[in-house]
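Residue numbers (this note's numbering): 232 to 536. Don't be surprised by glycine CBs; every beta carbon is placed ideally from N, CA and C.
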């Protein structure tokens, strides 16, 4: 049985890493999309991090990877190769970040809105099962938001500063008012109908409406009363508050500790479960075994049956 257990959350622009059972990651690393998921760079980073600040022996470490539900299989394979072949960790498991967001909030049902760099993603979850058919994806992620905002304002101004100014009390200049209107109308979707947008360009409210209409009647209420927001709104209280103000009354945003903390709690639960199986064989993972048992791919096996 591994002596150390590490939780890693991968994003397009950020990596969070720490030990399971901890309330927050030990390290948060920001990387540019140009160098993200480069095997050489990843191997160097993880070699360094396993020594400091984690201070663990990689060969005696189990790794839980908190992944985006849209993470391509080739990137999962790359992550496995870095961890299992370059670092020689004992085992690797993947879990979806949307489920870990719910776990961190003590929930089993809800809708997770992930405002990431590349995509805006709304994922309904029922009884800790991802309802992929009802999932909505939009290109209006943070990258698109920054692109549109910096057409209106000086690029030297930080996005966080603009978001604070957009909804602060008092008078706002004309430029900030344009930024506020842009976010409200094009990215949150205030007062707009679905026909005003292409299918891959829905803002938040229109995505939630589509999900609501596609859900079975008996699960609508228990999902819509638990809306979790991750990504940009979790970094900007002003945007999160504005999102709550504009959402239809059927939807209620709830607090959560975030997907990494959920992964930390889940990894601790796995350790407890393994401890109850003293005769369980300690078999090291291989890249092909991890990919074969991937949660996303296994559903196709069930469909074939």
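The ligand ATP heavy atoms versus the CB of residue i: any closer than 7 Å?
i, result
"residue 481", "No copy of the ligand ATP occurs in the structure displayed, which carries no ligand at all."
Following the continuous beta strand (DSSP E) through residue i, name the residue where it begins and the one where it ends.
i, result
"residue 352", "351-357"
"residue 295", "292-298"
"residue 324", "322-327"
"residue 279", "That residue, residue 279, is in no beta strand (DSSP E); its alpha helix (DSSP H) goes 270-282."
"residue 367", "367-369"
What is the DSSP secondary structure of residue i, counted as helix, strand or coil?
i, result
"residue 464", "helix"
"residue 480", "coil"
"residue 532", "Residue placement at residue 532 is flagged as unreliable, the pLDDT there being 43, under the threshold of 50; the coordinate-derived value follows with that caveat. Here residue 532 sits in helix by DSSP."
"residue 417", "helix"
"residue 475", "helix"
"residue 345", "strand"
"residue 285", "coil"
"residue 519", "helix"
"residue 402", "coil"
"residue 541", "Residue numbering for the chain in the displayed model covers 232 to 536; residue 541 lies beyond these limits and cannot be assessed."
"residue 314", "helix"
"residue 429", "coil"
"residue 330", "helix"
"residue 319", "coil"
"residue 498", "helix"
Please list the terminal residues of the continuous alpha helix (DSSP H) segment that includes residue i.
i, result
"residue 410", "405-413"
"residue 435", "435-445"
"residue 396", "390-397"
"residue 378", "373-380"
"residue 305", "304-311"
"residue 364", "That residue, residue 364, is in no alpha helix (DSSP H); it is neither H nor E in DSSP."
So who's on the other strand from residue i, going by DSSP bridges?
i, result
"residue 261", "245"
"residue 339", "Note: residue 339 sits in no beta bridge, so no partner."
"residue 237", "250 and 294"
"residue 459", "343"
To the nearest whole angstrom, what separates the beta carbons of residue i and residue j, a pair I think is in contact under 8 Å?
i, j, result
"residue 359", "residue 330", "6 Å"
"residue 294", "residue 323", "5 Å"
"residue 422", "residue 437", "Their Cβ separation, rounded to whole angstroms, is 11 Å, which puts residue 422 and residue 437 out of contact at 8 Å."
"residue 458", "residue 344", "7 Å"
"residue 315", "residue 285", "In fact, because the Cβ distance is near 17 Å, the residues do not count as touching under 8 Å."
"residue 442", "residue 342", "6 Å"
"residue 326", "residue 350", "The pair is not a contact, with the Cβ atoms about 19 Å apart (cut-off 8 Å)."
Would you mind stating whether residue i and residue j have Cβ atoms separated by less than 8 Å?
i, j, result
"residue 306", "residue 268", "yes"
"residue 477", "residue 484", "no"
"residue 518", "residue 283", "no"
"residue 434", "residue 240", "no"
"residue 368", "residue 383", "no"
"residue 391", "residue 465", "no"
"residue 274", "residue 317", "yes"
"residue 238", "residue 259", "no"
"residue 336", "residue 486", "yes"
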